[in-house]
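Chains as they are written, first to last, in the UniProt record's numbering: chain E, 1 to 239; chain Z, 1 to 239. First the structure, in the form of structure tokens, and then the observations on it.
Protein chains: 2
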Amino acid sequence: MKSALLYEGKAKKVYSVLGEEFQLILEYKDDATAFNGEKHKIFRGKGRLNNLISSHIFQYLHEKGIASHFIQALSDTEQLVYQTRIIPIEVVVRNIATGSLTKRLGITEGEVFQEPLVELYYKEDALNDPLMNDDHAKHITGISEGELEFIKEQARNINNHLQAMYDKIGVKLVDFKLEFGRLHDGSIVLSDEISPDTCRLWEEETDRKMDKDVFRNDIEDLVEIYDTIWKRMEENVHV
Amino acid sequence: MKSALLYEGKAKKVYSVLGEEFQLILEYKDDATAFNGEKHKIFRGKGRLNNLISSHIFQYLHEKGIASHFIQALSDTEQLVYQTRIIPIEVVVRNIATGSLTKRLGITEGEVFQEPLVELYYKEDALNDPLMNDDHAKHITGISEGELEFIKEQARNINNHLQAMYDKIGVKLVDFKLEFGRLHDGSIVLSDEISPDTCRLWEEETDRKMDKDVFRNDIEDLVEIYDTIWKRMEENVHV
Ligand SMILES: Nc1ncnc2c1ncn2[C@@H]1O[C@H](COP(=O)(O)OP(=O)(O)O)[C@@H](O)[C@H]1O
Ligand SMILES: Nc1ncnc2c1ncn2[C@@H]1O[C@H](COP(=O)(O)OP(=O)(O)O)[C@@H](O)[C@H]1O
Ligand SMILES: [Mg+2]
Ligand SMILES: [Mg+2]
Numbered sequence: 001m002k003s004a005l006l007y008e009g010k011a012k013k014v015y016s017v018l019g020e021e022f023q024l025i026l027e028y029k030d031d032a033t034a035f036n037g038e039k040h041k042i043f044r045g046k047g048r049l050n051n052l053i054s055s056h057i058f059q060y061l062h063e064k065g066i067a068s069h070f071i072q073a074l075s076d077t078e079q080l081v082y083q084t085r086i087i088p089i090e091v092v093v094r095n096i097a098t099g100s101l102t103k104r105l106g107i108t109e110g111e112v113f114q115e116p117l118v119e120l121y122y123k124e125d126a127l128n129d130p131l132m133n134d135d136h137a138k139h140i141t142g143i144s145e146g147e148l149e150f151i152k153e154q155a156r157n158i159n160n161h162l163q164a165m166y167d168k169i170g171v172k173l174v175d176f177k178l179e180f181g182r183l184h185d186g187s188i189v190l191s192d193e194i195s196p197d198t199c200r201l202w203e204e205e206t207d208r209k210m211d212k213d214v215f216r217n218d219i220e221d222l223v224e225i226y227d228t229i230w231k232r233m234e235e236n237v238h239v
Numbered sequence: 001m002k003s004a005l006l007y008e009g010k011a012k013k014v015y016s017v018l019g020e021e022f023q024l025i026l027e028y029k030d031d032a033t034a035f036n037g038e039k040h041k042i043f044r045g046k047g048r049l050n051n052l053i054s055s056h057i058f059q060y061l062h063e064k065g066i067a068s069h070f071i072q073a074l075s076d077t078e079q080l081v082y083q084t085r086i087i088p089i090e091v092v093v094r095n096i097a098t099g100s101l102t103k104r105l106g107i108t109e110g111e112v113f114q115e116p117l118v119e120l121y122y123k124e125d126a127l128n129d130p131l132m133n134d135d136h137a138k139h140i141t142g143i144s145e146g147e148l149e150f151i152k153e154q155a156r157n158i159n160n161h162l163q164a165m166y167d168k169i170g171v172k173l174v175d176f177k178l179e180f181g182r183l184h185d186g187s188i189v190l191s192d193e194i195s196p197d198t199c200r201l202w203e204e205e206t207d208r209k210m211d212k213d214v215f216r217n218d219i220e221d222l223v224e225i226y227d228t229i230w231k232r233m234e235e236n237v238h239v
């Protein structure tokens with residue numbers, strides 16, 4: 001049962017759990033934000049869909065041997081997770097070039113990478129989540145070389161599993177963001193969420209955007225799109 | 001003997017050499033530029049000092065077992081080098097936090113790193129030399145994992161040697177930039193220049209700037225400062 005509200009983020013509320021010192025309840029909100037919070041809108045039903053999708057993906061990954069903070073869904077918008085100390089690194093995996101990458105480095109929009117690119121960003125809103133290399137990440141977060149290698153290896157494995165999963169629902173996984181955290185014993189597990197808010201998803205054949213870019217660029221109704229993703233996942237991805 | 005002018009950069013002119021297919025003559029110019037060419041000034045005598053200092057450093061490094069493009073100085077402002085295909089990566093090594101790093105990542109100005117940080121920037125003026133990680137560098141330049149490791153290892157070794165050298169002349173090596181290129185046979189060697197234009201140098205005790213920041217920030221006469229560096233080097237660093 002929910003106890004105190006510990007933190008309210010841009011997409012989720014974080015609650016402590018009565019009688020469970022090392023667990024949290026994440027409540028997915030209907031808020032959508034972009035451009036580091038500059039753009040903001042409420043989409044009724046988004047919280048439910050992201051909770052359902054994220055839970056489904058964590059269960060799918062669990063079956064593939066990828067440990068995470070996820071314990072179980074509690075309601076339409078809530079899930080029970082293990083509390084972690086989030087490592088302030090956003091790990092981004094890219095399969096196809098788009099967005100900031102093409103502008104910063106002059107890489108052609110839509111280029112498919114032979115090997116996925118793994119990037120680290122410093123999770124620090126005040127600095128606008130700047131790109132880091134491994135040396136920066138180790139210096140800033142105190143993470144060890146081996147732990148960083150583990151995280152990047154996990155990110156590549158997760159990418160393989162998610163690509164296979166999205167393939168089943170006719171969607172290309174363009175890129176996505178992960179967060180990792182430390183459990184009570186110091187070990188590192190996948191945390192936070194994996195949802196259309198944190199992935200770029202393009203429909204096979206049409207390249208129609210099926211993710212938060214729909215909101216960033218005011219293309220279509222976000223909830224309808226997320227609902228399509230969820231329906232296809234429920235039907236074709238069994239966990 | 002100089003043959004055709006092949007390229008004129010911001011700090012040097014590059015000439016082919018009569019009868020020597022795999023060699024070049026680099027002529028150091030008196031031009032100082034900063035902020036990606038926005039600021040520009042001529043300092044009479046700078047070309048000579050950078051040629052002398054760079055030659056001295058390449059010889060010093062050669063004695064420490066670091067191969068480079070350097071063959072010999074030809075005149076006050078010219079040096080003979082092996083032609084390389086420059087890899088478009090600027091390798092930066094940082095011992096003390098200053099400049100862009102402190103702004104981008106919120107690291108405290110003046111912080112001394114336990115382990116030097118090695119950074120890669122994409123040498124591409126049109127993009128303003130953006131920061132890259134290893135995956136970006138491999139994708140953009142086609143360099144292999146092993147070659148990249150070699151370059152970073154060389155950069156760390158060069159840092160150790162240069163720190164020891166600057167220590168002899170009462171100067172702290174704050175950070176510096178290296179370029180590497182491929183010889184005719186494909187092997188990778190240190191190229192370009194190592195001079196007060198490409199290093200941040202702070203005087204021991206006083207932290208007085210003794211490098212191109214003198215020009216960037218209009219602090220003092222640049223030629224006088226570079227001359228001090230050269231005089232101290234000539235006297236105390238024997239090659
Ligand atoms: N298992 C967990 N334990 C502790 N914190 C977590 C866990 N999973 C996610 N978080 C954190 O919960 C916070 C709320 O999520 P969110 O609304 O997405 O925040 P933000 O605005 O930082 O993106 C984030 O700081 C996220 O890193
Ligand atoms: N051994 C070498 N062979 C070929 N090119 C070189 C060599 N050493 C340096 N260069 C290149 O010479 C050019 C001229 O130098 P510089 O004036 O510093 O140019 P920039 O304006 O690009 O900094 C640069 O592109 C540099 O990378
Ligand atoms: Mg978030
Ligand atoms: Mg140069």
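Don't be surprised by glycine CBs; every beta carbon is placed ideally from N, CA and C. Only a predicted model underlies this, so the values are computations on that prediction, with no experimental measurement involved.
query: beta-carbon residue 244 of chain E near ligand 1 non-hydrogen atom, thresh 7 Å; result: The displayed coordinates of chain E run from 1 to 239. Any statement about residue 244 of chain E would go beyond what the structure contains.
query: Ranges of the alpha helix (DSSP H) found wholly within the stretch 142–215 of chain Z, counting only runs of at least 4; result: 145–168
query: Proximal residues to ALA32 of chain Z (C-beta, below 6 Å), its chain only, five neighbours per side dropped; result: LYS41, PHE43, PHE215
query: Span of the beta strand (DSSP E), counted from its first residue to its last, around VAL112 of chain Z; result: 112–122
query: Chain-ordered chain Z contacts of GLY142 of chain E [CB-CB under 9 Å]; result: What GLY142 of chain E touches in chain Z: nothing, since even the nearest Cβ is about 11 Å away.
query: 8 Å Cβ cut-off: residues of chain E touching LEU131 of chain Z; result: LEU131, ASN133
query: Beta carbon of ASN50 of chain E nearer than 8 Å to that of GLU193 of chain E; result: yes
query: Residue 293 of chain E versus GLY110 of chain E: straight-line alpha-carbon distance, rounded; result: Residue 293 of chain E falls outside the range modelled here, since chain E spans only 1 to 239, and no answer is possible.
query: According to DSSP, residues forming a beta bridge with LYS2 of chain E; result: E:VAL17
query: Identified DSSP bridge partners for GLN23 of chain E; result: E:TYR82
query: The stretch 81–107 of chain Z: positions lying closer than 7 Å to chain E by Cβ; result: ARG104, LEU105, GLY106
query: Residues bridged to ARG94 of chain E (per DSSP); result: E:LEU117, E:ASP175
query: Contact check, LEU120 of chain E vs ASN95 of chain Z, beta carbons under 8 Å; result: no
query: Check: LYS10 of chain Z C-beta below 7 Å from any heavy atom of ligand 4; result: yes
query: Nearest-angstrom Cβ-Cβ length linking ILE169 of chain Z and VAL239 of chain Z, presumed shorter than 8 Å; result: About 13 Å separates the two Cβ atoms, so there is no contact after all.
query: Backbone secondary structure at LYS46 of chain E - three-state DSSP; result: helix
query: Under the three-state DSSP convention, the category GLU109 of chain E falls into; result: coil
query: THR33 of chain Z, enclosing alpha helix (DSSP H) - first and last residue; result: Counting along the chain, THR33 of chain Z falls outside any alpha helix (DSSP H), though it belongs to the beta strand (DSSP E) covering 31–34.
query: Contact list for TYR122 of chain E against chain Z, beta-carbon separation under 7 Å; result: LEU105
query: LYS138 of chain E vs GLU90 of chain E beta-carbon contact at 8 Å; result: no
query: Closer than 8 Å at the beta carbon, the chain E residues around PHE176 of chain Z; result: Within chain E, no residue comes near PHE176 of chain Z; the closest Cβ sits about 15 Å away, beyond 8 Å.
query: Test item: CB-CB of PRO196 of chain E and ASN159 of chain E under 8 Å; result: no
query: Min CB distance PHE113 of chain E to chain Z below 8 Å; result: yes
query: Contact with chain B by LEU117 of chain Z, beta-carbon distance below 8 Å; result: The displayed structure is made up of protein chains E and Z, and chain B is not among them.
query: Spatial distance of THR108 of chain E from SER144 of chain Z (CA atoms); result: 21 Å
query: Buried/exposed call for HIS56 of chain E, threshold 16 Cβ in 10 Å; result: buried
query: Cβ contact check for the stretch 71–87 of chain E and the stretch 173–184 of chain E: 3 or more pairs under 8 Å; result: yes
query: Beta bridge counterpart(s) of GLU8 of chain Z as assigned by DSSP; result: Z:LYS13
query: Rounded separation between SER68 of chain E and PRO130 of chain Z - CA only; result: 34 Å
query: Exposure label - ILE188 of chain E; buried when at least 16 CB within 10 Å; result: buried
query: Simplified DSSP assignment, three categories, for LEU101 of chain Z; result: helix
query: Endpoints, alpha helix (DSSP H) assigned at ILE225 of chain Z; result: 222–236
query: Residue environment, VAL17 of chain E, which counts as buried when at least 16 other CB atoms sit within 10 Å; result: buried
query: First and last residue of the uninterrupted beta strand (DSSP E) at ALA73 of chain E; result: 70–73
query: Beta-carbon proximity of GLY45 of chain E to TYR28 of chain E, cut-off 8 Å; result: no
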